[in-house]
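Asks: There's a structure below that I have some questions on.
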Amino acid sequence: MTPPTKKLLRRAPAVLAAGLAAVLPFAGTASASPLVGHAHRTVTAADGETFHLRLTAESTFLPAAGGTVDVRGKGYNRAQGIFLAFCVIPDGVVAGDPSTYTTLPTPCLGGRESTDGSARRITDQGTGTPGVTIPYEKGGRFTTTLDLKPEIADGVVCDATVKCAIVTRADYTATGNRLYDQYIPVHFAPADQG
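In structure tokens, the structure reads:
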């Protein structure tokens, strides 16, 4: 008779594989956990200075109605303000492949003047909407939250009609600059599971 421990150990790979198969379709990132998303890239600004941009979202799979996500960044260029928002991933953009980041991420939840908690402007310029505009911290860091929901605009629904992501991009002082674009895809539970 085989000891029970050996039977359990033989079954463990199959159970683990089944569990991973159930959660990996919702991961959307290369992170180790389907609940945490990461994006990173190295860029060189016009003045020749190099920046190692890192973006982390504490949850990339939300309930059907949405939720609040903690977001952190570091390594950003403090001389360039950015928008942190929840936007539609443009056609042709592949999250994790900066060579495809050629189009402005839009539309975004709440729009550019968002005061609903779905977007932030991060800048050292000191001007902007209170509660929406926040300064960089040392090392081009920031820590904040975003309130996300699946409907970006009328008829524009994440996971139904479009793919969506938490993004950073240069703010309105350099709208055409794609150096600061980062994408962390986000998914929502089906309505019957929310």
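Letter by letter, the sequence shown follows residues -32 to -1, 1 to 162 of mature numbering (1 follows the signal peptide of the UniProt record, and there is no 0). For glycine and all other residues, C-beta sits at the position ideal for the given N, C-alpha and C.
#1: Starting from the Cα of T12, find the closest Cα among G60, Y151, A159 and R146 and give me that residue.
#2: F110 and G5 - do their beta-carbons sit closer together than 7 Å?
#3: Could you check if D121 is buried or exposed, using at least 16 other CB atoms within 10 Å of its CB as the buried criterion?
#4: Of the residues G78, G107, R89 and P66, which one's Cα is nearest the Cα of E119?
#5: Determine the closest residue to G35 out of T18, G49 and F54, with distance taken between C-alpha atoms.
#6: Do you know how far the Cα of E17 is from the Cα of C132?
#7: Give me the Cα-Cα distance between T83 and L116, rounded to the nearest whole angstrom.
#8: For Y140, name the three-state secondary structure that DSSP assigns.
#9: Excluding the 5 residues flanking Y104 on each side, which residues of the same chain have their C-beta closer than 8 Å to its C-beta?
#10: Would you mind reading off the limits of the beta strand (DSSP E) that contains A121?
#11: Using the rule of at least 16 other Cβ atoms within 10 Å of the residue's Cβ for burial, across every protein chain shown, is G108 buried or exposed?
#12: Based on Cα-Cα distance, which residue from T97, P31, D15 and T113 lies nearest to V135?
#13: Measuring straight from C-alpha to C-alpha, what distance separates H151 and P73?
#14: Let me check understanding here. Comparing Cα to Cα, which of G60, A32 and T143 lies closest to P158?
#15: By Cβ distance below 6 Å, which residues in the same chain neighbour S27 in space, the five residues on each side in sequence not counted?
#16: With a CB to CB cut of under 7 Å and the five nearest residues on each side skipped, what residues in its chain are close to I50?
#17: Let me know the secondary structure DSSP gives D160 once reduced to three states.
#18: Please return the same chain residues whose Cβ sits closer than 8 Å to the Cβ of P58, not counting the five positions on each side in sequence.
#19: Distance check for D160 and T95, CA to CA, integer angstroms please.
Replies: Quick answer:
#1: The sequence position of residue 12 within the sequence shown is 44, counting from 1. Answer by Cα proximity: R146.
#2: As a first step, residue 5 must be located in the sequence shown, where it is residue number 37. As a first step, residue 110 must be located in the sequence shown, where it is residue number 142. Result no, Cβ atoms of G5 and F110 do not sit closer than 7 Å.
#3: Counted from its first residue, the sequence shown places residue 121 at position 153. The displayed chain sequence assigns Ala, not Asp, to residue 121. Exposed, since its Cβ has fewer than 16 Cβ neighbours within 10 Å.
#4: In the sequence shown, the residue the question calls residue 119 occupies position 151. If we check each option's Cα against that of E119, G78 comes out closest.
#5: Position 67 of the sequence shown, counted from the start, is the residue given in the question as residue 35. For G35, the nearest C-alpha among the options comes from F54.
#6: As a working note, residue 132 is residue 164 in the sequence shown. As a working note, residue 17 is residue 49 in the sequence shown. Their backbone Cα atoms lie some 31 Å apart in a straight line.
#7: By 1-based counting over the sequence shown, the position of residue 83 is 115. By 1-based counting over the sequence shown, the position of residue 116 is 148. The alpha-carbon atoms of T83 and L116 are separated by roughly 12 Å.
#8: To locate residue 140, count along the sequence shown from 1; it is residue 172. It is helical.
#9: Taking the sequence shown and counting its residues from 1, the one referred to as residue 104 is at position 136. These residues qualify, in order along the chain: Y44, R46, I90, T91, D92 and F110.
#10: Locating residue 121 in the sequence shown gives position 153, where the first residue counts as 1. A121 -> beta strand (DSSP E) spans E119 to A121.
#11: As a first step, residue 108 is located in the sequence shown; it is residue number 140 there, counting from the start. Buried, since its Cβ has 16 or more Cβ neighbours within 10 Å.
#12: Position 167 of the sequence shown, counted from the start, is the residue given in the question as residue 135. The candidate whose alpha carbon is nearest that of V135 is T113.
#13: Within the sequence shown, residue 151 is the residue found at index 183, counting from 1. Within the sequence shown, residue 73 is the residue found at index 105, counting from 1. What sits at residue 151 in the sequence shown is Tyr, not His. Cα-Cα distance, rounded: 9 Å.
#14: The sequence position of residue 158 within the sequence shown is 190, counting from 1. Per the Cα distances, A32.
#15: Numbered from its first residue, the sequence shown carries residue 27 at position 59. Annotation for S27: L3 and V37 place their beta carbon closer than 6 Å to its own, counting only its chain and skipping 5 residues before and after.
#16: Counted from its first residue, the sequence shown places residue 50 at position 82. Within the same chain, I50 has close Cβ partners Y44, I90, T136, R137, A138, D139 and Y148.
#17: If you number the sequence shown from 1, residue 160 lands on position 192. D160 falls in the helix class under three-state DSSP.
#18: Translated into the one-based positions of the sequence shown, residue 58 becomes position 90. Result list for P58: T71, L72, P73 and T74, in chain order.
#19: Along the sequence shown, one-based indexing puts residue 95 at 127. Along the sequence shown, one-based indexing puts residue 160 at 192. Cα-Cα distance, rounded: 43 Å.
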